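Notes to accompany the following structure.
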Amino acid sequence: MNVFYFSSDLFASVVAVSMVSLLENNKEQEKITFYIVDDGISDEKKILLNNMVVQYESDNIKRDVVYLEALGPEILLKYPFKDRYQIGHSYFRMCIGTILPESVDRVLCLDSDTLICGNLSELWNVDMKGNILAGVSDCMNIMKYKHQFHMNKNDLYCNAGMYLVDLKKWREEKVEDKIIKRIHEQNGNVFFFEQTLMNWSCSGKILQLPPKYNAYTLFWAFTYKNLICWRKPNAFYLESEVEEAKDNPIIIHFTRNFYMLSRPWIKGCDHPKTKEYVKYKLLTPWKQLEEDNRSKKSIRRYKLWHIIPQRILAIGAGVIYNEVRPKLWWKNE
């Protein structure tokens, strides 16, 4: 199993929790190799990560960590985003076919803020059916963003927190060349960065997975009806599927959300799966690390949102998200 992360030095403790949760729930997997795009991780923290992973080795069980250089001038020239800050978080998935060894023909791409709560064998061995990517649909109406996404109504638009990639197919289809072309066509101004570019460039060749493989914060922050009211997705999972993902998630994705303090490494987090995160944190070298303190301003803003009935908030957010935001972006493009 090949697993791909991006991490800075600051996020090393967070990616460690994701890694150890994967290791704990996949002990029978004969070989797991972690490929980590290294955005300035200190040597000291690399040693801690390596030692943590090696503990899960045995006679017939192999565990490796491979660090990959984050940025270079040639990458910056290829991926000319207007916002240079975003390239560090975006490029690593978009050039996986180049920076990973040719021998790697399938890879599981995960965000650092994920938690693996179950066995990944079924996901890892899924029949891709000739598709390039497999992922979990994001909850949004892509037709409201048609000028930004350049996709059709029935196209899948998956959340970038988890992608399973057929790298053999990726290379054959020259996806990276398509991505670079699209960035230049957009003059470096790309909505949602790699998430949009990967969905756009692999359009028609994406396999939809059950939501349990990328259960993002929205599932818990809003009721299903209010979530649909807010995002108005042109196609999405049934309520029963979302509830199943909440009850029995395989991968939890702790995405930011204005209605929930959803980052479990930050003090005051009220995500329902925070205790699960803490359980795995205690298995890492950072078990003694104190939670980050959230600013009082952020907490006040969070409390303010909860004064408003969620249904009314969903309606108002829907207008901004589906009408105002796409038009402003299109106008400024």
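So for the sequence shown, the numbering used here puts the first residue at 4; every next one is plus one. Every residue gets a Cβ at the ideal spot worked out from N, C-alpha and C, and that includes glycine. None of these values were measured; they are calculated from a predicted model.
I254 and P214 have their C-alpha atoms some 9 Å from each other. When the alpha-carbon of P267 is set against those of S11, R314 and D116, the nearest one is in D116.
Counting only residues of its own chain and dropping the five nearest sequence neighbours on each side, T277 has a CB closer than 6 Å to the CB of P267. Here DSSP, grouped into helix, strand and coil, assigns K208 to coil. Closest option to F261, judged by alpha-carbon separation, among F239, K290, F225 and N29: F225. For S24, the closest of S243, F257, Y283 and L103 by C-alpha to C-alpha distance is Y283. Cα atoms of P104 and F95: separation of roughly 14 Å, rounded to the nearest angstrom.
Under the Cβ criterion (8 Å, minimum of three pairs), the region 285 to 293 counts as touching the region 16 to 34.
Annotation: the continuous beta strand (DSSP E) that includes S10 extends over N5 to S11. I135 is a Cβ neighbour of V168, given a cutoff of 9 Å. Under the DSSP definition of a beta bridge, K34 partners with K65. Residue state for M263 is assigned as strand, using DSSP reduced to three classes. Checking the DSSP bridge columns, you'll see E279 has no partner listed. Between the alpha carbons of N251 and N190 lies a gap of roughly 42 Å.
Per DSSP, the beta-bridge partners of A218 are I255. N296 counts as exposed, since fewer than 16 other beta carbons sit within 10 angstroms of its beta carbon. Nearest Cα to I315 within the set L230, E244 and K270: L230.
M97 sits close to L200, with the two beta carbons spaced by under 9 Å. Judged by beta-carbon spacing, Y160 lies within the 9 Å limit of M143, meaning their Cβ atoms are closer than that value. Taking T101 as reference, the option from C232, W233, L170 and S243 with the minimal CA-CA separation is L170. Contact check for V139 and N162: beta-carbon distance about 6 Å, within the 8 Å limit, so the pair qualifies. The region 207 to 222 and the region 121 to 132 touch, with three or more beta-carbon pairs separated by less than 8 Å. V18 is a Cβ neighbour of I39, given a cutoff of 9 Å. Residue state for A238 is assigned as coil, using DSSP reduced to three classes. Residue range A15 to E27 is occupied by the alpha helix (DSSP H) that includes S16. Within the DSSP secondary-structure output, A320 pairs in no beta bridge. Rounded to the nearest angstrom, the gap between the Cα atoms of I183 and K306 is 42 Å. The region 103 to 185 is shown to contain whole alpha helix (DSSP H) runs of 4 or more residues at 124 to 127, 149 to 152 and 170 to 175, in chain order. Each of I186, F257, K65 and Y70 was checked against the Cα of D42, and the nearest Cα belongs to Y70. In this chain, the alpha helix (DSSP H) harbouring I50 covers D46 to V57. In this structure, the straight-line span from the alpha carbon of M154 to that of P329 is close to 14 Å. The residue among Y8, E27 and D141 with its C-alpha nearest the C-alpha of F195 is D141.
Rounded to the nearest angstrom, the Cβ distance from R185 to S204 is 6 Å, consistent with a contact under 8 Å. K228 and K249 have their C-alpha atoms roughly 15 Å apart.
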